[in-house]
Every structure is written in structure tokens, then in C-alpha cells.
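Numbering (full-length UniProt numbering), first residue to last: 1 to 313.
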């Protein structure tokens with residue numbers, strides 16, 4: 001599916017989204033819409049291969065969008081006077097802001113659960129797990145079911161690189177172009193372990209590299225650093241103070257790439273334990289890293305189809 005964006009202003013960002021409708025009078029896998037929420041530092045492009053199969057082969061309704069400050073949604077809403085945070089970044093990409101965006105976007109496309117049968121199946125990767133949980137537990141967004149792919153929603157976050165980028169964010173915004181580009185490509189390479197996944201490196205890096213030799217390059221570099229600097233776990237800590245994951249109102253399926261160097265298995269197992277009776281299965285995908293959907297697209301698609309079939313009504 002080629003990108004044909006619609007746009008809506010939410011939480012200070014111009015959010016780009018795509019809603020693909022099922023063909024009428026044709027067999028469908030589910031009448032509910034499947035919503036994909038990507039993680040950091042990625043974009044909805046990561047989910048496009050699976051979304052294409054679900055829409056074109058299984059005739060599903062599909063919603064793709066880029067988080068505020070990511071991918072095609074890096075433009076600030078000109079109608080909002082945005083202030084700078086303590087690090088000097090304009091615009092918020094925090095979990096709280098992204099949860100507000102997801103909640104508002106679902107309402108905008110009438111996937112609120114207020115009408116019988118219209119609450120969506122949500123697939124969340126990486127930080128999007130925390131976004132999806134917060135939108136559901138604190139904002140009241142309703143889901144038919146939730147699938148978490150290589151998601152860290154337990155405390156605390158970040159490896160050495162991410163912690164360093166947060167603590168020295170202004171240094172990273174000033175890196176010379178070639179050094180910044182090499183760093184970004186190393187980050188992208190570390191997320192995949194198969195040749196198929198690693199072939200996606202130009203696409204995974206593109207939103208943060210476009211126009212590297214121009215004035216826009218610094219904006220892209222600042223955007224990349226901003227989403228790391230603002231992706232602390234304080235919003236998750238505050239959420240867990242109010243609502244434990246066991247209060248989730250839908251079944252939750254967990255998938256983890258067996259060679260994920262970003263999120264260790266014990267983090268995923270801790271999350272699974274926190275879900276209690278709401279855990280609807282823990283699937284380990286062999287020969288897959290953090291971007292499990294790119295390393296093993298056929299296996300992940302099969303798991304998604306199975307999960308939807310088991311949770312459709």
C-alpha cells in the first residue's frame with residue numbers, strides 16, 4: 001500500500017494517518033479495524049508490509065499513523081504556540097502526549113467503542129505498548145484486544161546509549177552530519193538480525209536523515225534526539241501508580257523476537273506477569289530481533305491473523 005496521508009492537528013502536531021477500508025460484499029477476517037502503533041525511533045513504515053497483507057489478502061480495515069514528532073508527523077501545528085521544554089526542545093513526544101494523540105485519533109475515526117463492535121484490535125511495538133496502555137487505562141480508549149510486540153512497559157527504561165542521549169541531548173543535536181548519520185545507521189542495524197530485516201535500514205533511517213545537507217537536516221537531527229530525550233519512563237511510573245496492567249479491559253497477546261538486543265526477555269516476562277489473567281499468550285519468535293515484524297514478517301503476520309481470529313466476534 002502506497003502512502004496516501006490524511007492529516008489532523010492533535011496535541012500540537014500535524015498527525016498523518018491512513019485509514020484503509022475493507023472491500024464491501026467480500027469475505028473479511030474481522031469487522032473490527034486493526035490499529036498499528038509504532039515505536040521509537042521508527043515510523044508506521046515498519047508495519048506497512050503486514051498491514052498490506054491484512055488489508056489486501058484478508059480484507060481488513062486498517063489504521064496506520066505516525067506518532068507526533070515521528071516519520072511524516074514531524075510538523076508542529078502552526079495554530080498552537082508551542083513552548084520549549086527544559087532541554088530546549090519544542091513540541092512534546094512524551095508517552096503522555098502520544099497517548100492523548102492515540103485517544104483523540106481513535107475518536108476522530110469513530111473507533112471509540114461507543115458503537116457496538118467498533119472498538120479496534122491494537123498492535124503496539126516498543127514504546128507504543130506504554131502509549132496504548134496509557135490511552136486505555138487512563139484516557140478510556142477501548143480495545144477489542146491488544147498485541148504487544150517487543151514492548152517495554154516496565155520500569156526502568158533505556159540502555160547506555162539512550163541514557164547518554166537523554167543526559168547529553170544538546171551534544172547529540174550538534175553532532176556533525178556524517179557522525180550523526182553513522183550513529184543513526186548503527187542504531188537501525190542493531191534492531192534487526194536477518195538480511196531481510198537489515199535491508200530495511202534505509203527506510204528505518206529515512207525520516208531522520210532526509211535532506212541531511214540542507215537546513216532541514218538539523219531539524220531532522222533535532223527531532224531524532226528529542227524523541228529519545230523525552231522518552232523517559234516517568235509517564236509509565238505515574239500510570240502504574242493509578243492503574244495496574246491487570247486492570248486492562250481486553251486480552252493481551254505478547255510477541256518477542258528471540259534475539260532482541262534492545263529489550264531482554266526478562267522485561268517481557270515481567271510485563272506478562274503484571275497482566276495476570278489478561279495475558280492471552282506469550283509467543284517467542286525465533287531468528288528475530290527488536291524489529292520482529294521486519295525480521296520475520298510472514299511469521300508475525302500469521303500470529304496476527306491467528307490472534308484476530310481468536311478475538312473476533
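The beta-carbon is built from N, C-alpha and C at its ideal position, and this holds for glycine as well. Given the structure is predicted, the values throughout are model-derived calculations rather than measurements.
Considering only their Cβ atoms, is the gap separating residue j from residue i smaller than 7 Å?
| i | j | result |
| --- | --- | --- |
| residue 121 | residue 34 | yes |
| residue 68 | residue 43 | no |
| residue 299 | residue 280 | no |
| residue 14 | residue 75 | yes |
| residue 139 | residue 99 | yes |
| residue 240 | residue 283 | no |
| residue 21 | residue 61 | yes |
| residue 263 | residue 152 | yes |
| residue 203 | residue 3 | no |
| residue 292 | residue 257 | yes |
| residue 314 | residue 231 | This structure leaves residue 314 out entirely; the chain is present only between 1 and 313. |
| residue 228 | residue 162 | yes |
Using the rule of at least 16 other Cβ atoms within 10 Å of the residue's Cβ for burial, across every protein chain shown, is residue i buried or exposed?
| i | result |
| --- | --- |
| residue 170 | exposed |
| residue 6 | exposed |
| residue 221 | buried |
| residue 251 | buried |
| residue 242 | exposed |
| residue 30 | buried |
| residue 79 | exposed |
| residue 90 | exposed |
| residue 186 | exposed |
| residue 261 | exposed |
| residue 92 | buried |
| residue 184 | buried |
| residue 27 | exposed |
| residue 145 | buried |
| residue 66 | buried |
| residue 168 | exposed |
| residue 267 | buried |
| residue 213 | Its pLDDT being 48, under 50, residue 213 is placed unreliably in this model, and the value from its coordinates should be taken loosely. With fewer than 16 other Cβ atoms within 10 Å, it is exposed. |
| residue 155 | exposed |
| residue 233 | buried |
What number of angstroms, rounded off, separates the C-alpha of residue i from the C-alpha of residue j?
| i | j | result |
| --- | --- | --- |
| residue 135 | residue 96 | 8 Å |
| residue 104 | residue 84 | 23 Å |
| residue 296 | residue 198 | 11 Å |
| residue 10 | residue 236 | 21 Å |
| residue 246 | residue 276 | 6 Å |
| residue 87 | residue 181 | 22 Å |
| residue 51 | residue 132 | 18 Å |
| residue 143 | residue 178 | 43 Å |
| residue 58 | residue 24 | 13 Å |
| residue 348 | residue 224 | In the structure as shown, the chain starts at 1 and stops at 313, and residue 348 therefore has no counterpart that could be examined. |
| residue 189 | residue 201 | 7 Å |
| residue 307 | residue 166 | 36 Å |
| residue 311 | residue 94 | 30 Å |
| residue 207 | residue 17 | 16 Å |
| residue 272 | residue 265 | 10 Å |
| residue 303 | residue 150 | 14 Å |
| residue 157 | residue 41 | 14 Å |
| residue 172 | residue 210 | 17 Å |
State the start and end residues of the unbroken beta strand (DSSP E) segment that holds residue i.
| i | result |
| --- | --- |
| residue 13 | 13-20 |
| residue 281 | 279-285 |
| residue 307 | Premise fails: residue 307 lies in the alpha helix (DSSP H), 297-310, not in any beta strand (DSSP E). |
What residue does the alpha helix (DSSP H) around residue i start on, and which one ends it?
| i | result |
| --- | --- |
| residue 133 | 128-137 |
| residue 35 | Careful: residue 35 lies outside any alpha helix (DSSP H), inside the beta strand (DSSP E) at 33-37. |
| residue 104 | 95-108 |
| residue 48 | 48-56 |
| residue 184 | 177-189 |
| residue 162 | 160-167 |
Looking at the strands, I want to know which residues DSSP matches up with residue i.
| i | result |
| --- | --- |
| residue 121 | 34 and 145 |
| residue 6 | 17 |
| residue 84 | 90 |
| residue 61 | 33 |
| residue 337 | This structure gives no information on residue 337, because the portion of the chain shown stretches from 1 to 313. |
| residue 253 | 147 |
| residue 76 | 13 |
Quick one: does the C-beta of residue i sit closer than 6 Å to a heavy atom of the ligand ATP?
| i | result |
| --- | --- |
| residue 299 | Of the ligands one can find in the structure shown there are none, so the ligand ATP has no counterpart to examine. |
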